[in-house]
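> Sharing a structure, written as structure tokens. Questions coming.
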Amino acid sequence: MPVSKLPYPDYKFKSGWNALLPARIPNPELAEKIEIDVAIVGAGFTGISAAKRWRELQPDATIALLDSSEIGEGNPGRNSGFLLEISLAEDADARNIEKMAASNKLISETMQHIVSEVQKSGMDCDIKRAGTYRAAASDIGNRSLNKYQAFLKATKTPFEELDKSELKQRLGTSFYQAGLYSPHCYLVQPASVIRALATNLPNDINLFENTAALSLTANKNKNGWTIKTAHGSIQSKKVVLANNAFSKDLGIGKSCLVAMYTYAGLTPQLEPGILECLGSDKNWGLLPAHRLGSTLRRTADGRLLIRSHYGYEAESSIDVIRTKLRSRMQNRFPQLDQIKFEHVWGGAVGFTFNGGALWGEAKPGLFVSAGCNGGGTVKGTLLGRLLANLANGKEVPNVAKLFGKASWMPPDPFRALGFHLASLLENIQGHKEL
Ligand SMILES: Cc1cc2nc3c(=O)[nH]c(=O)nc-3n(C[C@H](O)[C@H](O)[C@H](O)COP(=O)(O)OP(=O)(O)OC[C@H]3O[C@@H](n4cnc5c(N)ncnc54)[C@H](O)[C@@H]3O)c2cc1C
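Going letter by letter, the sequence shown gives residues 0 to 433 in numbering that gives the first Met the number 0.
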């Protein structure tokens, strides 16, 4: 079983979303030794948000943000572009209304912050409050759908119930038996959004791209931390790890985090004649009711996207991915004779056993926010901001209570074995949802 040894993602395929955007000149790599107040590893939703908040709180602090990739090409530019204004299904708990109301409020305020950042950037990002569908293709999916519906009802969140024929009429697929539509979601071009957020970084925050943190060690005099990169190093009084699954490869979160790879395929713009057979809704997103199911989108510019399949700690081969994505798309749209993808790519997601976040001060002066569990665009933006508050002595809400706390997982090989067995079982039980 191949296990990646690099402490950062090194993707085989380019992000399809980023490929649709004009070329961008990346910020230079770190190529010297620097001494600063705070180093933030990972310029994703979490890291950018932490950096901006830190600047607000400490106008004179020297801050560096480093990313192993280029903005737009890395993980935050690889997702399916669902920015939920309310808690995700995995976090939804209809029995705890007070908690859900508090977390929904924080998430929706953060979403408004992202919307205003996008507006400020002047970049379009295809951002639209298009809402989201959730749909089930079998009994197992229906059970999850009912649970989510209970949460929506309990939190008095508006939604519409849809049967098979209504879904077919709107989306052009008969694959699903039942679904819900909730307006509380923005759809975006994710590579464009992360570019927009990075564009708004204050000029005096040093952003180093193509700069992976290769190691992280505590200084001997206990005064801060040293980060080694390929061509430079950083001595920093404080460090924030905002690099999701890869924080474990820098020594934090080994006992609770795994990197799971999931994949997306994006078609070329479809012919008008084909689009006419795809239902009345022209820009939509559908999240699976079952957690192993596939995410679907029809973009405003007339493409279809599917996100599906998981791999443990390493990217699968392009042939396996293409075949799986194509057959799952074909199952949903048999009327499209030959599904061709213009782009296929993968991305790493930081998973924890119980879905809780790894968040807080891990060691003196070393802070971490990791374990997005597949839905960390808005939540990561929130948790990055709260982490900067915590590190600067500000009052913060009880993150563990609101968003859970990552639980312990057995080490490999038991962990890998557990994942493969659980995924085999779920693939059998939930095969109709795949
Ligand atoms: C195919 C796919 C579809 C998804 N769809 C959605 C969706 O629709 N909605 C949603 O909310 N979430 C979705 N997700 C999950 C989403 O991408 C993450 O939750 C979100 O990006 C988390 O943000 P983050 O900033 O915490 O971490 P990340 O986006 O993972 O960012 C971490 C950054 O750290 C960098 N990094 C890693 N290691 C190092 C290192 N050693 N040194 C320097 N830099 C490093 C990475 O390059 C990356 O830029 C999806 C993920 C995938 C893969």
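Beta carbons: idealized from backbone N, C-alpha and C, even for Gly.
Run through DSSP, which three-state label would H430 get?
helix
> Any idea what DSSP makes of M328, helix, strand or coil?
DSSP places M328 in helix when its eight states are reduced to three.
> Would you identify the three-state DSSP class for I317, choosing helix, strand or coil?
helix
> Return helix, strand or coil for D36, following the three-state DSSP convention.
strand
> For the beta strand (DSSP E) containing P287, name the first residue and the last one.
283-287
> What is the rounded straight-line gap between the Cα of R290 and the Cα of R128?
23 Å
> I'd like the list of long-range same chain contacts for M0, defined as Cβ closer than 7 Å, with 5 residues on each side in sequence excluded.
For M0, the predicted structure reports a pLDDT of 40, less than 50, and the residue's modelled location is therefore unreliable. The matter cannot be settled from this model.
> Opposite M259 in the DSSP bridges: which residues?
Y311, V348
> With a threshold of 7 Å, establish whether the CB of P27 neighbours any heavy atom of ligand 1.
For ligand 1, not one heavy atom lies less than 7 Å from the Cβ of P27.
> Count the other CB atoms within 10 Å of the CB of A212; is the residue buried (16 or more) or exposed (fewer)?
Looking at its Cβ environment, which holds 16 or more other Cβ atoms inside 10 Å, A212 is buried.
> So, with DSSP's three-state summary, where would you put E208?
coil
> Hey, how far is the Cα of G80 from the Cα of K219?
Taking the straight line joining both Cα atoms gives about 43 Å.
> Using the Cα positions of L82 and P410, report the straight-line distance between them to the nearest angstrom.
33 Å
> Determine the burial state of N222: buried for a count of at least 16 other Cβ atoms within 10 Å of its Cβ, exposed for fewer.
exposed
> Measure the C-alpha to C-alpha separation of W407 and Y260 and round it to an integer number of angstroms.
20 Å
> Quick test of your reading: Y262 and V187, contact by CB under 8 Å. State the CB separation rounded to the nearest angstrom.
In this structure Y262 does not touch V187 by the C-beta definition: roughly 19 Å separates them, more than the 8 Å allowed.
> Are there three or more Cβ pairs, one per stretch, closer than 8 Å when the stretch 122-141 is compared with the stretch 175-190?
yes
> Rounded to the nearest angstrom, what separates A100 and S181 at their Cα positions?
16 Å
> Tell me whether I39 is buried or exposed, calling it buried when 16 or more other Cβ atoms sit within 10 Å of its Cβ.
By the neighbour-count definition (other C-beta atoms within 10 Å, threshold 16), I39 is a buried residue.
> Could you name the residues of the same chain whose beta carbon sits closer than 6 Å to that of E72, not counting the 5 residues immediately before and after it, in chain order?
S14, N17
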